[in-house]
Amino acid sequence: MGVLTDPGAVRAAELPISVGQQALWMLHRLAPGSAAYNDAGAARFSPSPNISALTEAVQIVTERHDLLRSRFVEDDGMPVRLVDATGPGLRVDDVGDIDDRQLADLVATVAGEPYDLARGTARFRLMRRAAGDAVLVCGNHHIASDAASQFVLWRDLLTAYQARSAGRRPDLPALTWTWNDQVAAERRKLAGPQRASWTSYWRTVGRQVPAGELPSDRPRPARPAYQGGTVTVEVPATLERAVQDRAMALGVTPFAVQLAALQALIHATGGARDFLIGCPMSLRRSRPTLPAIGYYVNMVLLRATVDPGGSAADLVQAAARELRAAAAAAALPYPHIVRALDRGRDAGPPYRIAITQVDARLAFGPDRFDGVVHPFEVPRLQGQYDLGVEIARGQHSSEIAFRYDRELFAESTIRRYLGAYLRILAAAAHEPGTPVGRLDAVVEPPIVRI
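Mapped onto this note's numbering, the consecutive letters of the sequence shown carry residue numbers 1 to 450.
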C-alpha cells in the first residue's frame with residue numbers, strides 16, 4: 001500500500017467506504033472550500049444548557065457513532081476511513097449581547113465552515129448569549145451523515161443531555177449495525193445476482209433523456225462554485241390536508257402528488273415534456289439501520305413524461321409508478337446508475353433538480369423538551385445543483401425549502417418559482433381533472449406570502 005496523505009494516521013484503522021462516499025469524496029476534492037455538502041442542525045436552549053452535562057452528552061454520542069469520530073484520507077489514490085479514539089468535543093463560545101439577527105448570521109457562518117475531511121467530519125458548537133440563552137450547532141459533512149442521521153443525532157444527544165443533567169446514564173437503543181456492516185452489505189449486493197436486474201432497469205430510464213431545468217437568471221458558468229441559498233415557506237394546513245386527501249383518493253403517497261407538481265412546474269416554465277430529476281432515497285431498509293448514523297441515501301433518477309393535455313391525476317399516477325420502480329432498484333449506487341445510462345461525456349449531468357421528503361418530527365421527539373429546547377433554522381446542503389426541493393414534515397406543520405444555486409438564480413426568481421409550485425400543488429390536489437398544461441392558471445396567487 002502507498003503512503004497515507006495524513007502522516008498521523010494509524011494504518012490499522014483504515015476502513016473501506018461506500019460507493020456513495022467515494023463520489024462525495026471526489027466532489028469535495030473539486031470544491032474543498034464549498035459548504036454545498038455541509039449538513040447541520042441547530043437548537044436554541046433557553047435558558048442556556050448545563051455545560052458539563054452537554055459536554056458529556058456530546059462525548060456519549062460521538063463514542064456511540066464512530067462516523068462522528070471519522071476522518072477520510074487518501075491512500076494510493078483511493079479514499080479510506082480512519083476512526084479516532086475521541087470525537088471533536090464541544091466548543092463553547094460566549095458571543096456577548098448580540099441580537100437575533102446577528103445570532104442567526106453567526107449560526108449560518110458556523111454551519112457553512114468548510115470541512116477538512118482529513119481532520120474530521122463533525123462539529124459541535126455552542127454559542128452563549130449574554131441574555132442567558134444559547135444555540136447549539138451540530139454539523140456534519142454529508143459523507144458521514146444524512147437527514148435521518150441528523151434526527152438520530154439530535155434524539156441521542158438530547159436524551160443523553162437530559163440523563164446526564166439528572167445524573168443518570170442515558171437509555172439509548174442498542175446499536176447492532178455499524179457503518180462497516182453497511183459497506184459490507186453494499187459489496188455483497190453488488191456481487192450478487194440482483195445487480196443485473198437493477199442495471200437493466202436503469203438502462204431503460206433513458207440514455208438520451210435530458211435533465212429537467214428551470215429558466216435561470218444568469219448563464220451557467222463553465223465550472224460551478226457550489227454556492228447556494230434557501231427560500232423556505234410553511235405549507236398552509238388546508239393545502240397539506242388537500243394533498244393528503246388527494247393522495248388517499250388516488251391510492252398514492254402525498255410525495256407522489258408533490259413530485260408531480262414539481263414536474264408540472266418544470267414543464268410550465270420551459271415546455272419540457274420528457275426529462276429527469278433526482279431523488280435521494282433512503283437505504284435504511286431494515287430495523288437495525290434505523291438508530292445508526294451514516295450516509296444511508298442514494299440518489300436515483302425519476303423520469304417525467306408530461307402530456308400537457310393529460311390530467312393532473314394522470315401525472316400523479318405516473319409519478320407514483322416512477323417512485324415505486326426507482327425504489328425497487330435504489331440499491332444500485334448512483335455512480336453505477338450513471339454508468340448504466342451510458343450517456344456519454346458530452347451529455348451533461350443526468351439531473352439538475354432534485355426533490356426529497358424528510359420527517360422532521362423525528363428530531364426533537366416527545367414534547368419533554370418543549371419550553372427548553374427549540375429548533376433553530378440553519379442553512380444546509382445549499383448549492384449542490386440548480387434546485388433542491390425538500391419537503392419537511394414537522395411536529396405541527398410542514399415546510400418546503402427551495403435550495404438553489406446563487407450563480408444561476410436571484411432569490412426573487414426562486415420565490416416566484418416557489419409560489420408557482422404551491423399554486424400547481426393546490427390545483428393538482430383540488431382539481432385533479434385539470435389538464436397539466438393549465439395547472440399553473442387554475443389557482444390565483446397568492447397561496448401564501450413568500
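Glycine included, each C-beta is placed from N, C-alpha and C at the ideal position.
What you are looking at is a predicted structure, and each value in this text was computed from that prediction instead of being measured.
Along the alpha helix (DSSP H) that carries residue i, what are the first and last residues, could you check?
| i | result |
| --- | --- |
| F402 | Run containing F402: none in the alpha helix (DSSP H); it sits in the beta strand (DSSP E), 398 to 405. |
| H267 | 254 to 270 |
| N38 | It is not in any alpha helix (DSSP H) - N38 instead sits in the beta strand (DSSP E) that spans 38 to 45. |
| F151 | 147 to 165 |
| H336 | 334 to 341 |
| E113 | Looking at the DSSP string, E113 is not in any alpha helix (DSSP H), and its letter there is neither H nor E. |
| E322 | 312 to 328 |
| E63 | 51 to 64 |
Counting only the same chain and skipping the five closest in sequence on each side, list residues whose C-beta sits under 6 Å from that of residue i.
| i | result |
| --- | --- |
| G383 | A36, Y226, Q227, G228, D405 |
| I450 | V233, R415, L418, G419 |
| D367 | Here the model assigns D367 a pLDDT of 46, short of 50, so the residue's position is not dependable, and the following value carries that caveat. Here the set comprises nothing. |
| E14 | V80 |
| V58 | L90, F124 |
| A319 | A256, L259, A260 |
| P280 | V297, M299, T356 |
Which residues share a DSSP beta bridge with residue i?
| i | result |
| --- | --- |
| S70 | V83 |
| H141 | N38 |
| G206 | Bridge partners of G206: none, in fact. |
| A131 | Per DSSP, none; premise fails for A131. |
| E240 | Beta-bridge pairing links E240 to no other residue. |
| M462 | The chain is shown only over 1 to 450; residue 462 falls outside these bounds and no answer can be derived. |
| S136 | Note on residue identity: the sequence assigns Leu, not Ser, to residue 136. DSSP, once it has assigned bridges, lists A43, L126 as partnering L136. |
| P435 | S311 |
Take residue i and list the residues in its own chain whose beta-carbon comes closer than 8 Å to its own, dropping the five residues that flank it on each side.
| i | result |
| --- | --- |
| G433 | S311, A312, A313 |
| D66 | V83, T178, W179 |
| Y296 | D146, A148, S149, Q182, S282, L283, R284, T289 |
| H267 | R273, A304, V306, P308, V436, G437 |
| A330 | M281, L283, N298, V300 |
Following the continuous beta strand (DSSP E) through residue i, name the residue where it begins and the one where it ends.
| i | result |
| --- | --- |
| S282 | 274 to 282 |
| Q357 | 353 to 359 |
| V95 | 90 to 96 |
| V389 | 387 to 393 |
| V373 | 373 to 376 |
Is any heavy atom of the ligand NAP found at a distance shorter than 7 Å from the C-beta of residue i?
| i | result |
| --- | --- |
| A261 | The ligand NAP is absent from the structure shown, which contains no ligands of any kind. |
Under a three-way DSSP split, which group does residue i fall into?
| i | result |
| --- | --- |
| V306 | coil |
| L457 | This structure gives no information on residue 457, because the portion of the chain shown stretches from 1 to 450. |
| P430 | Checking the sequence, you will find His at residue 430 rather than Pro. Helix at H430. |
| I414 | helix |
| A12 | Confidence at A12 is low in this model, with a pLDDT of 41, below 50, so the placement of that residue is unreliable and no value is reported for it. |
| G229 | strand |
| L408 | coil |
| V76 | Residue 76 is actually Asp in this sequence, not Val. D76 falls in the coil class under three-state DSSP. |
| V19 | helix |
| L214 | coil |
| L27 | helix |
Between residue i and the rest of its own chain, which residues show a CB-CB distance below 7 Å, the 5 nearest in sequence each way excluded?
| i | result |
| --- | --- |
| A9 | Low confidence applies to A9: its pLDDT is 41, below 50, so where it sits in the model is not reliable, and the reading given next is rough at best. So the qualifying residues of the chain are V73, L82. |
| G20 | Y295, N298, P333, Y334 |
| I293 | H65, L67, L68, S145, S149, V152, L153 |
For residue i, decide whether its Cβ has a neighbour in chain B, counting only Cβ atoms nearer than 8 Å.
| i | result |
| --- | --- |
| A35 | Among the protein chains of the structure shown there is no chain B, as only one such chain exists. |
### Task
Determine contact between the segment 334 to 344 and the segment 197 to 208, defined as no fewer than three beta-carbon pairs at a distance below 8 Å.
yes
### Query
Taking contact to mean at least 3 C-beta pairs separated by less than 8 Å, is the segment 51 to 58 in contact with the segment 162 to 172?
yes
#### Entry: Contact between the segment 245 to 259 and the segment 98 to 112 (3+ Cβ pairs under 8 Å)
no
### Query
Are there three or more Cβ pairs, one per stretch, closer than 8 Å when the segment 258 to 271 is compared with the segment 338 to 356?
yes
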